[in-house]
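Under the numbering used here, the first residue of the sequence shown is numbered 64, with each subsequent residue one higher.
Working notes for the structure below.
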Amino acid sequence: MTGMTEYQPTQLTNSSTNSTQIENNNDVYIAPSIKDDDEFKNDEYPLEQSDDSPSQIEIPKKPASAYISVCVMCLMVAFGGFINGWDIGTIGGFVAQTDFVKRFGSLNSNGEPYLSKVRTGLLVAIFNIGCAIGSVTLGRVGDVYGRRLGLIMATIIFVAGVVIQIASTDKWYQYFIGRIIAGIGMGVIAVLSPMLISEVSPKHLRGAMVSCYQLMITFGIFLGNCCNYGTKTYDNSIQWRVGLGLQFAWCLFMVGAMLFVPESPRFLVEKGKIEEAKRSIARSNKVSIDDPSTIAEVEIVQAAVEAERAAGEAGWKELFQTSNKVFQRVIMGIAVLGLQQLTGANYFFYYGATVFNAVGLEDSFQTTIIFGVVNFASTFVALYVVDKFGRRRCLLWGAAAMTCCMVVFATVGVTSLYPNGKDQASEKWAGNVMIVFSCLFIFCFATTWAPIPFVIISESFPLRVKAKGMALGTVSNQMWNFCIGFFTPFITGAIDFYYGYVFMGCLVFAYFYVFFFVPETKGLQLEDVNIMWEEGVLPWKSNSWVPPSKRDDDYDVDALANDDQPMFKKMFGSK
């Protein structure tokens, strides 16, 4: 590209000011010091910063109106979540549509078509197996070809799966194969969309922008439910083929949107396209390409990339290293994204129509639409609270609130819904109470555990292992999603609403896990998050952590890495 500064191999020389001079096509700047090769053996991602570190130059905050274009760009990237949500919102209705059951079900002893629990579970949940496969095997395309091109390629794979599904006539295994292929594409999207958003959004808006991915999922679920409600009166394949066919329009929009979104500056720096990286950062932060804050952020990213290059090419085994806390971050990502599914939210989304048939509603499709409205509207609250109160505090509040809602839902279902046995009429007041607490549960989920795990995982990994780390987290998320989608019909058939107590136990565990293992990352540069992890800051003290460039002489980082307080003081004396 004309006028672009091409990346040249850098020359690293130690200076007396504890910094590193990097020469690049006659441009010279001072970046944080980089250790020699021997030091990398015990510290893979060094980012020491001196008093004159460029990270001291803050990108100026502007009025909210100045970031409208940035928000629009992030929403376009997050549209991949809409495609995922549309699938969630439609598949739960498909398995209850009469034409779908006739085509892909079996005949019972009375000659009536039905979908067995095994087939229903497979058709609903196999999509998540595809997602897991795609995130691991193809998630790295974003490192090779860029986040934007990777998203375009993933969308094309998804379209191929939709074509196979919509072409199915009466072979359930053809539809099954199509869902696997579509899932593979969605697995890549689930990795690259939050990653690109986190890398192009300003740090003080990053939490809200990454949460837009979940916002779009909820929007897709809601419109998918509405689509099912609108087509349920037909008696032919329109019932389900309209919902599938609209995926082509959504995917076309996704591909077109990628042409207007800036590439990740971190990817561009890694590929040596420094001037393009500056333009990307300047565009995201609404400043000029020559603004000191733009230059400073590029220098910080360059220093991080140089450090990672000096450490050598990242392999999968690097995810298991403990000296730089990468393994701890991998475990955290796997746990948090797995626990997101184990909250039980998708129990309502996948089988809402089936569950509330048991409550005695005449049109259970209306209930799923209510869930969709609550879910979508609540996610707007998440865009505010995630950066206002922080990731960690929201997860703790959310786990506690959802536990209370699930206890009420399960208890009423077990004790009061069928007082005279399941072969008798249900109690209407009990059903209404269950619906109300289901909506409260979804509100709590949508404002906390729905978006924030994606925010955390997109912020936690060093650049060199980011795609691999996020891929493993996505695998965890999708595998638990599959388990819930596949096994729920069997479990509810065996223990009915006692199933809610299983999720209650998972939520209690989630609360304690977040308290002891998930640090606060609100308002930090992505490179600063890496430093915090390497310094071994205790999660319940992470709110007090300060980046190296902003510390004074009295700052004691060791005090944040050790805590001799009794357990109850840790729990109730820390945020």
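Note that CB positions come from ideal geometry on N, CA and C, so glycine has one too.
Met272 lies in the alpha helix (DSSP H); which residues open and close that run? Arg269 to Thr294
Measuring only the C-alpha atoms, how far is Cys313 from Asp206? The amino acid occupying residue 313 in the given sequence is Trp; Cys does not appear at that position. Taking the straight line from one Cα to the other gives about 25 Å.
What's the C-alpha gap between Gly197 and Pro325? 24 Å
Classify Leu601 as helix, strand or coil using the three-state DSSP reduction. coil
Is the stretch 497-513 in contact with the stretch 350-365, if contact means three or more CB pairs nearer than 8 Å? no
DSSP state of Leu255, grouped into three classes? It is helical.
Starting from Met497 and walking both ways along the alpha helix (DSSP H), at which residues does that stretch end? Lys491 to Thr510
For Ser612 and Glu648, the rounded distance between their alpha carbons: Since the displayed the chain opens at 64 and closes at 638, residue 648 lies outside it and no answer follows.
Cβ distance (whole Å) where Ile432 is taken to contact Tyr292 below 8 Å: 6 Å
Buried versus exposed, by CB contacts within 10 Å (16 or more), Ile131: exposed
Proximity of Ile358 and Lys334 at Cβ, strictly below 9 Å: no
Runs of alpha helix (DSSP H) wholly within the stretch 122-163 (minimum 4 residues, chain order): 131-157
Cβ separation of Val140 and Leu259, assumed to be a contact under 8 Å, to the nearest whole Å: 5 Å
Just to confirm my understanding: we take Gln310, look at its own chain, exclude 5 residues before and 5 after, and list those with CB closer than 6 Å. What are they? Val225
Contact set for Ile215: own chain, Cβ-Cβ below 6 Å, skip 5 residues either direction: If we look at Ile215 and ignore the five residues flanking it on each side, its Cβ neighbours are Val318 and Met321.
Status (buried if at least 16 other CB within 10 Å, exposed otherwise) for Tyr447: exposed
Look at the Cβ atom of Gly202, then the Cβ atom of Gly246, and state whether they are nearer than 9 Å. no
Please classify Phe167: is it buried, with 16 or more other beta-carbons within 10 angstroms of its beta-carbon, or exposed? buried
Under the three-state reduction of DSSP, which class applies to Leu178: helix, strand or coil? coil
Entirely enclosed alpha helix (DSSP H) segments - the stretch 337-411, minimum 4 residues: 337-348, 355-373 and 389-405
With 16 other Cβ atoms within 10 Å as the buried cut-off, status of Asn171: If you draw a 10 Å sphere on the C-beta of Asn171, you find fewer than 16 other C-beta atoms in it, and that means exposed.
CA-CA distance, Pro602 and Pro265? 24 Å
Three CB pairs or more closer than 8 Å across the stretch 548-557 and the stretch 612-622: no
Cβ neighbours of Ser231 in the same chain (closer than 8 Å, five flanking residues each side left out): Excluding residues within five positions, the ones whose Cβ falls inside 8 Å are Arg166, Phe167, Gln237, Tyr238 and Gly241.
Output needed for Ala509: all residues of its chain with C-beta closer than 7 Å, excluding positions within five of it in sequence on either side, in chain order. Thr281, Asn438, Ser441, Thr442 and Ala445
Rounded C-alpha distance that separates Ala530 from Phe566: Linking Ala530 to Phe566 through their CA atoms gives a straight-line distance of about 30 Å.
Using three-state DSSP, classify Leu309 as helix, strand or coil. For Leu309, the secondary structure class from DSSP, reduced to helix, strand or coil, is helix.
Rounded C-alpha distance that separates Cys134 from Asn288: Taking the straight line from one Cα to the other gives about 26 Å.
Do you know how far the Cα of Thr294 is from the Cα of Leu307? 12 Å
Have a look at Gln302 and Ile151 and give me their C-alpha separation to the nearest angstrom. If you draw a straight line from the Cα of Gln302 to the Cα of Ile151, it comes to about 16 Å.
What separation, rounded to the nearest whole angstrom, lies between the Cα atoms of Ile252 and Tyr562? 31 Å
Quick check on the burial criterion: 16 or more other C-beta atoms within 10 angstroms. Buried or exposed for Ala217? Counting Cβ neighbours within 10 Å, Ala217 comes out buried, since at least 16 surround it.
Is the distance from the Cβ of Gly435 to the Cβ of Phe285 below 9 Å? yes
Could you tell me whether the Cβ atoms of Val577 and Thr584 are closer together than 9 Å? Going by C-beta atoms, Val577 is not nearer than 9 Å to Thr584.
Close beta carbons around Ser523, own chain, < 8 Å, minus the five adjacent residues each side: The residues are Arg392, Met395, Gly396, Gly532, Thr584, Val592 and Trp596.
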